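Okay, structure first, notes after.
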Amino acid sequence: DTGVSQNPRHKITKRGQNVTFRCDPISEHNRLYWYRQTLGQGPEFLTYFQNEAQLEKSRLLSDRFSAERPKGSFSTLEIQRTEQGDSAMYLCASRQGGTLEQYFGPGTRLTVT
Amino acid sequence: AQSVTQLGSHVSVSEGALVLLRCNYSSSVPPYLFWYVQYPNQGLQLLLKYTTGATLVKGINGFEAEFKKSETSFHLTKPSAHMSDAAEYFCAVRGENTPLVFGKGTRLSVIA
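Right, here's the structure in full:
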């Protein structure tokens, strides 16, 4: 499968714990995006990488959230001290520079209890 | 700043009937417009996109959309609904160097 993959697909954690999600983009894509989608809403932009550089962060990305893309390939999104309000689907997307279409992964559904 | 408004959070049609999902956008720059479909517990799949040129764009699964600048609209249509079209549909807009901004989505139900 050469699409965008995300792991894990589901994560249940207790409030206050740290969680980390991984995204593997399509191999030749140099742009990588993270979005958050809550129930009944469309995806909301969190952050964006071009290669290993994090170029843009949304105000939604509080200081408890950090994202990395150390070698310009896969990316991780970490949430520290999770809160119930962090419960959502976290979507990753990638695209090749010079093109418009973003390809989405299946998402990681986070439930904070 | 950009924004998207999708009119109707839930649309229900009979199998074989016309599908019309409405999307209005706001953009201070020439917009790129997209429709995505999301099936339960899955990511988003691109149905179609408008960049420049022809204002009527055709996508996958028989869907099409028309960009109307004067009405700031990009409504999605399909002549004949199929049961497999039941899903959540999202309209999105972006500029040249801006992130995708999504609407809240419209859930399409198809009744046999």
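Quick mapping for you: the protein sequence lines, in order, are chains P and Y. The first sequence begins at 5 in the numbering used here and counts up one residue at a time. The second sequence begins at -1 in the numbering used here and counts up one residue at a time. Each residue gets a CB set at the ideal place from its N, CA and C atoms; glycine is no exception. Everything numeric in this text was worked out from a predicted model, so none of it was measured.
At a Cβ-Cβ threshold of 8 Å, Y:Arg20 and Y:Gln4 count as neighbours. Residues of the region 38 to 49 of chain P with a C-beta atom less than 9 Å from some C-beta of chain Y are Tyr39, Gln41, Gly44, Gln45, Gly46, Pro47, Glu48, Phe49, listed in chain order. Residue range 23 to 28 is occupied by the beta strand (DSSP E) that includes P:Asp28. DSSP places Y:Ser82 in the helix class (H, G or I) of the three-state scheme. Among the residues of the region 86 to 102 of chain P, those with a Cβ less than 9 Å away from any Cβ of chain Y are Met93, Leu95, Cys96, Ala97, in the order of the chain.
Rounded to whole angstroms, the gap between the alpha carbons of P:Phe49 and P:Tyr94 is 10 Å. Contact annotation for Y:Phe88 against chain P: Gly46, Pro47 [CB-CB distance below 9 Å, chain order].
Residue contact check for P:Pro110 against chain Y: a CB pair falls below 8 Å.
Non-local C-beta neighbours of Y:Gly103 in its own chain, meaning closer than 8 Å and more than five positions away in sequence, comprise Gln4, Ser7, Gln36, Glu86, Tyr87, Phe88, ordered along the chain. Cα atoms of P:Arg63 and P:Gln41: separation of roughly 15 Å, rounded to the nearest angstrom. If you check the CB distance, Y:Tyr30 and P:Leu36 do not come in under 8 Å. A direct Cα-to-Cα measurement between P:Thr80 and P:Phe69 gives close to 11 Å.
In the structure shown, P:Gln10 adopts extended strand secondary structure according to DSSP, grouped into three states.
Using beta-carbon distances, Y:Phe100 counts as an interface residue toward chain P, with a partner under 8 Å. Taking CB atoms only, Y:Thr70 has no neighbour in chain P less than 8 Å away. Membership of Y:Ile58 in any beta strand (DSSP E) is not indicated, and neither H nor E is assigned to it by DSSP. Residues of the region 30 to 47 of chain Y with a Cβ closer than 7 Å to any Cβ of chain P, in chain order: Tyr30, Gln40, Gly41, Leu42, Leu44, Lys47.
Less than 8 Å divides the Cβ of Y:Leu106 from the Cβ of Y:Ala84. DSSP, reduced to helix, strand and coil, places Y:Gln40 outside both helices and strands of the structure shown, so it counts as coil.
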